[in-house]
Amino acid sequence: MRVLVVGGAGYIGSHAVYELIRDGHEAVVLDNLSSGYMDLVHPQAVFYKGDTRHAKDLDLVFDNEPIDVVMHFAAKIVVPESMKEPLEYYHNNVEGVRVLLAAMKKHRVKNIVFSSTAAVYGEATGICQEEDETKPINPYGETKLACEKMIEWASLAHGFNHVIFRYFNVAGADASLEIGLMKDQLTHLIPVAIQTVLGIREKLTIYGDDYPTKDGTCIRDYIHVSDLAYAHVLGARYLLEGGKSQTMNLGSNQGYSVLEVAQTVHQIAPLKYDIGPRREGDPATLIASNDRARQHLKWVPEHTLEDIIKSDMAFREKLNRKP
Ligand code: UFG
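When we follow our numbering, the leftmost residue of the sequence shown carries the number 1, and every step to the right adds one.
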């Protein structure tokens, strides 16, 4: 298959491209490089610099490239930033998808695999099932939910087939260590902890220990980026084989508290951490049920929390060695 990966120069998009190419497919990348890097674009991918909010950029790609499936990764994804810049999040995340769907309609491209997020669940209680109520508590989650609904309505009206993936907490790097989450983008727990271990930061601050959880720190479900990326290959194949449009969680069925993550890192390498105040917009617990992805895609995450931490550490050590 030939896949257009919108946002293929970013962290997760670049991993999807690597998995597609490993699986024998062709990848075309469209990225505006606002937070992506040319270094992350696979050498065998066809690259277009452009913006999914600009119809003419999409026309150029669809006029030149026969595309079977579109994957969308071109979103802004940082919860605290979304609390400060909600309009920017709506513009980038929602308008970007609207223009993309309009271009797909115009060019008769029928299949889309869309990156959504566990943040659509908001304050979940226990394990999130896809049919649970969606009640985001931050603009990031709201923009992704708006996109999910837009895709569903557009599928009904225009005959798109879609797989919507709701990601839980993604970390780690490709085994080749050619790609990973780059240095200047770090706000997420695992890479921040690893930067602390490597002496790039002084300490990790745990945001709040007064949540209604077993140790008072937030619980999240961590998933290795390569497991997540491979799910996209399966999702695209599923659509081309005539699979019904679906929304699926991508997580591990298991939650770890922030303190447990810090302690797991500490067992691998000494980590200095302290407890600070809560961060705005953080729900207490987010854990995925991944039964749907198992059932429809036969997808099973292979990496443990320790694998994820070690993989991020290996990538960050490599980045550190670069001048
Ligand atoms: N955390 C800290 N200290 C830090 C960084 C994070 O204590 O320096 C805590 C956060 O408060 C939170 C947990 O670690 O409780 C995880 O935070 P991240 O910033 O790593 O990730 P989020 O859970 O905020 O968000 C991520 C993705 C979202 C997705 C969500 C789903 O960015 O897209 O996971 O679980 F929706």
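Cβ atoms here follow ideal geometry from the backbone N, Cα and C, with glycine treated the same way.
As the structure is a prediction and not an experimental result, all values here were calculated from the model.
| Item | Value |
| --- | --- |
| Using a threshold of 7 Å, is the CB atom of I77 nearer than that to any non-hydrogen atom of the ligand UFG? | yes |
| Under 8 Å: do the stretch 130-146 and the stretch 191-211 share three or more Cβ pairs, one atom per stretch? | no |
| Hey, would you say the C-beta of N32 is under 7 Å away from at least one heavy atom of the ligand SAH? | Although the ligand SAH was asked about, the structure shown includes only the ligand UFG as ligands. |
| Would you mind working out which of H107, R98, Y167 sits nearest E130, comparing C-alpha positions? | Y167 |
| Would you identify the three-state DSSP class for D132, choosing helix, strand or coil? | coil |
| How big is the Cα-Cα spacing for K105 and G251? | 31 Å |
| Apart from the five residues just before and just after R220, which ones in its own chain have a Cβ nearer than 6 Å to its Cβ? | N169, L286 |
| Quick check on DSSP: helix, strand or coil for Y18? | helix |
| Buried or exposed: where does D39 fall if 16 or more other Cβ atoms within 10 Å of its Cβ makes it buried? | exposed |
| Round the Cβ separation of Y207 and Y256 to the nearest angstrom and send it over; I've been treating them as touching at under 8 Å. | Contact flag wrong, Cβ pair sits at about 15 Å. |
| Pull the bridge partners of A171 from the DSSP assignment, please. | H224 |
| For the structure I just gave you, are there three or more beta carbon pairs, one from the stretch 39-48 and one from the stretch 240-254, closer than 8 Å? | no |
| Measure the alpha-carbon distance for L100 versus E280 and round it to whole angstroms. | 31 Å |
| Which ranges does the beta strand (DSSP E) cover as unbroken runs of at least 3 residues, wholly within the stretch 190-267, from first to last along the chain? | 204-207, 222-224, 246-250 |
| Does the stretch 258-273 come into contact with the stretch 229-238, if we say contact requires no fewer than three beta-carbon pairs (one atom in each stretch) closer than 8 Å? | no |
| Short of 6 Å in beta carbon distance, which residues of its chain neighbour T143, apart from the five on each side in sequence? Order them along the chain. | Y89, Y90, N93, V94 |
| Quick check on the burial criterion: 16 or more other C-beta atoms within 10 angstroms. Buried or exposed for A157? | exposed |
| With 16 as the cutoff for other CB atoms within 10 Å, does R292 come out buried or exposed? | buried |
| Is V70 near I112, with beta carbons less than 8 Å apart? | yes |
| Looking at C-alpha atoms only, which residue of T125, V28, E85, I308 is the closest neighbour of V3? | V28 |
| Could you give the residue range of the beta strand (DSSP E) that holds H54? | Run containing H54: none; DSSP gives neither H nor E here. |
| Pick out whichever of L177, R53, Q254 has its Cα sitting closest to the Cα of H72. | R53 |
| With DSSP run on the structure shown, which of helix, strand or coil describes F114? | strand |
| When you compare only the Cα positions, how much space is there between T264 and G7? | 32 Å |
| Please classify P283: is it buried, with 16 or more other beta-carbons within 10 angstroms of its beta-carbon, or exposed? | buried |
| Which of helix, strand or coil does DSSP assign to M71? | strand |
| Please classify K149: is it buried, with 16 or more other beta-carbons within 10 angstroms of its beta-carbon, or exposed? | exposed |
| Excluding the 5 residues preceding and the 5 following S116 in the sequence, name in chain order all residues of the same chain whose CB lies nearer than 8 Å to its CB. | K144, L145, C147, E148, I164, F165, R166, Y167, T247 |
| With distances taken from CA atoms, which of L271, S245, G159, L228 is nearest K203? | L271 |
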